[in-house]
Ligand SMILES: [Zn+2]
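Residue numbers (the working numbering): 18 to 356.
In structure tokens:
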């Protein structure tokens, strides 16, 4: 059987508060973004992203989720005792140079690991789970956020402002948008665990399509309801977005029934313009995929219906990208309340 773990010689880093990994495929959750981080030496460097890796100690059975920066240019991956304490709640994470490290996890389980010495540098052989296996991905839930308990002030402000970015918060403080905000905001020294869990995504294993499609070939559809009736008595909106150009079309409607006539008309118009629509992508569990009439119409028009997985409307990216920011904020707030 192939092992699901990869042993990485990680350099023990006494100062930094987060792990650093040179291998992107080891991230269970990942968010690609250039960000600066503080090194053990006190200097700053740029990471290419931030995420969560799942690790275990050699020979151990317990898996610990840990935040890690993605630093492809670093000479080696680094290991941070501080991160184990701050993010996971380790009671002891202490290393004796050129000898061994001693860990006590939140449940009181003790582990001692001998360090491997190479060129007078300490390394620890840490086993990282390779999250390519679909079964592994589905069977694990990262619970990191509920474990970090002692937060600095900046973290509390960040949480209160619905996990906004440092730049946004600094602007809000400078302009005193809320009366009790400090005039100056000190950026988070360690990344917010809740943000990583909620805003990161799985590392894509393969591309969606090989060749860019002709405009009009793949259409992303969405049908949403409003909570309020608009002035013109509309209760819902039907949106069509071309996957290749991101060109949007929107149709407010007065009925909550799937907009069969509008869609039939739309297809005939773009066919008249010489476009060749083939793929129609909708949310699984959405109003459209559940409608018998709509599915019949798709086959009657000679189109192929593609659905995203349930509750994963982000795969229907083109038509839902605007919802993402709001959803991230809400999810972050729910998660930090332990829900
Ligand atoms: Zn956050």
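Note that CB positions come from ideal geometry on N, CA and C, so glycine has one too.
Can you name the start and end residues of the beta strand (DSSP E) that residue 363 belongs to?
Since the displayed the chain opens at 18 and closes at 356, residue 363 lies outside it and no answer follows.
May I ask which residues mark the beginning and end of the alpha helix (DSSP H) holding residue 278?
277-289
Among 117, 139 and 136, nearest to residue 129 - alpha-carbon criterion
117
In chain order, what are the residue ranges of uninterrupted beta strand (DSSP E) at least 3 long that sit wholly in the segment 40-97?
44-55, 61-73 and 81-87
Which value, in whole angstroms, describes the spacing of the CA atoms of residue 283 and residue 233?
11 Å
So, are the CB atoms of residue 322 and residue 295 less than 8 Å apart?
no
Residue interval of the beta strand (DSSP E) (run including residue 175)
Run containing residue 175: none in the beta strand (DSSP E); it sits in the alpha helix (DSSP H), 170-177.
Which listed residue (34, 30 and 69) has its alpha carbon closest to that of residue 49
69
Looking only at its own chain, which residues have a Cβ that is under 8 Å from the Cβ of residue 198, when we skip the five neighbours before and after it?
174, 189 and 190
In the DSSP assignment, find the unbroken beta strand (DSSP E) run with residue 231 in it and report its ends.
Neither: residue 231 is in no beta strand (DSSP E) and is coded neither H nor E.
Need the endpoints of the alpha helix (DSSP H) that residue 304 sits in, please.
304-307
Does the segment 71-82 come close enough to the segment 122-142 that 3 or more CB-CB pairs lie under 8 Å?
yes
8 Å CB neighbourhood of residue 229 in its chain, flanking five on each side removed:
261
If you draw a straight line from the alpha carbon of residue 164 to that of residue 311, how long is it in whole angstroms?
Unreliable placement is indicated for residue 164, whose pLDDT of 48 sits below 50; the coordinate value is still reported in the next sentence. Whole-angstrom Cα-Cα distance: 46 Å.
Beta-carbon proximity of residue 85 to residue 35, cut-off 8 Å
yes
Helix, strand or coil for residue 265, going by three-state DSSP, please let me know.
strand
Residue 209 beta carbon near ligand 1 (any heavy atom closer than 7 Å):
yes
Report yes if the CB atom of residue 115 is closer than 8 Å to the CB atom of residue 133, and no otherwise.
no
Excluding five sequence neighbours on each side, which residues of the same chain lie with their C-beta closer than 8 Å to the C-beta of residue 139?
28, 29, 112, 114, 115, 132 and 133
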